[in-house]
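Take a look at the structure set out below.
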Amino acid sequence: MSETTHDAPVAVSASEAPDEGLTARELAARHGLSVSGARPSLIEYVRQLWDRRHFILAFSRAKLTAQYSQAKLGQLWQVATPLLNAAVYFFIFGMLLEADRGMSREVYIPFLVTGVFVFTFTQSSVMAGVRAISGNLGLVRALHFPRASLPISFALQQLQQLLFSMIVLFAITIGFGHYPDLSWLLIVPVLVLQFCFNTGLALIMARAGAKTPDLAQLMPFVMRTWMYASGVMFSIPIFLESKPAWISNVLQWNPAAIYMDLMRFSLIDDYGSQYLPDHVWAAAGGWAVLIAVGGFVYFWKAEERYGRG
């Protein structure tokens, strides 16, 4: 039995899929999708950081409290550690090597302690910055927030630690006959400029440390070399008086030496402007702006890559 149909054949053409032939980027744009964790614009990134300012402050305080929570003396180690370092340096450099040449003990001891405290501020900020991302991967991968919050909070933690230590520094300075006067007001701009500089360094090292975690093992040697070249234990112009002038100039224009000498100039009566390089405040401001802005932009450019891989 057969059936015959008189209907004309109907040609059916499959309609083309609307997304066919589009790239992944075009597909995402068509459906309103965006990259998870994509880097925002620089202005938007700054706004996000400002919105999280309370987190940054609270995180820095929590880290500061937890740092010495297992020690019996607690946060007294914030002061005891740089003081013990200063005592060792005084014995080796002040007494054995006579690095105090040209200075009385009343000047050299405050000079040395100020240098140790101020350089420790920079050193600790750098070391904390190296581990800011690599040491907090759990937090970075679990939550979405501007990653610059971490190195900034660590730099802020070191500033709070220095402010606590400054009480002892003031006591030592007064104990050796250098009493508060108007020059002590200069301490505030010095600390502001150094904090900006340290924050920029922490941001730079955070990006570098996120890519190369082994950098944390190398940095103590780098920082120790920087310390010896910055005049922590000796006055650069006095100690290098017999050397070619360019050596002294190069070392004095190094930012760590600039911030230490400005703090000494502010605190110590007999440490006058003759020990400072020319245009020292311009140099201090220039280093702070260059490293802070450059470090922030450098860190922001890798925002999408932190915590991945």
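In this note's numbering, the protein residues as written are 900 to 1208.
Quick reminder that beta carbons are idealized off the backbone N, C-alpha and C, glycines included.
A quick note: this is a predicted structure, and the numbers were derived from the prediction, not measured.
Phe1096 versus Ala1187 - alpha carbon distance = 4 Å
Taking C-beta to C-beta, are Val1006 and Asp1169 nearer than 8 Å?
-> yes
Can you tell which of Ser1134, Phe958 and Tyr1158 has the C-alpha that lies nearest to the C-alpha of Phe1020?
-> Tyr1158
Close beta carbons around Ser901, own chain, < 7 Å, minus the five adjacent residues each side = Note that Ser901 scores 45 on pLDDT, short of 50, meaning its location in the model is unreliable and no value can be drawn from it.
So Gly1108 packs on Val1029, CB below 8 Å; how close in whole Å?
-> 4 Å
Same chain, Cβ closer than 7 Å to Val1039, neighbours up to 5 away in sequence not counted | Ile1032, Arg1046, Tyr1205 and Gly1206
Let me know if Arg1163 comes out buried or exposed under the rule of 16 or more other beta-carbons within 10 Å of its beta-carbon.
-> buried
Looking at Ile955 and Met1055, is the spacing between their C-beta atoms short of 8 Å?
-> One detail in the question is off: residue 1055 reads as Leu in this sequence, not Met. Taking 8 Å as the Cβ cut-off, Leu1055 and Ile955 qualify as a contacting pair.
Gly1069 lies in the alpha helix (DSSP H); which residues open and close that run?
-> Correcting the residue identity first, residue 1069 is Phe in this sequence and not Gly. Unbroken alpha helix (DSSP H) run through Phe1069: Ser1048 to Gly1074.
Met1104 and Val1017: beta carbons closer than 8 Å?
-> no
Roughly how many angstroms separate the alpha carbons of Ile1135 and Leu983, rounded to a whole number?
-> 23 Å
Are Pro1009 and Phe1075 closer than 8 Å when you measure CB to CB?
-> yes
How many Å lie between Ser912 and Ala937 at the Cα?
-> For Ser912, the pLDDT reaches just 48, beneath the cut-off of 50, and the residue's location in the model is therefore unreliable, although a value from the coordinates is still provided. One C-alpha to the other measures close to 41 Å.
With C-beta atoms as the reference, is Met1122 less than 8 Å away from Leu1011?
-> no
DSSP-derived helix/strand/coil call for Asp1168 | coil
Lys962 to Leu1049 span [Cα, whole Å] | 11 Å
Does the Cβ-Cβ distance between His1043 and Leu1166 come in under 8 Å?
-> no
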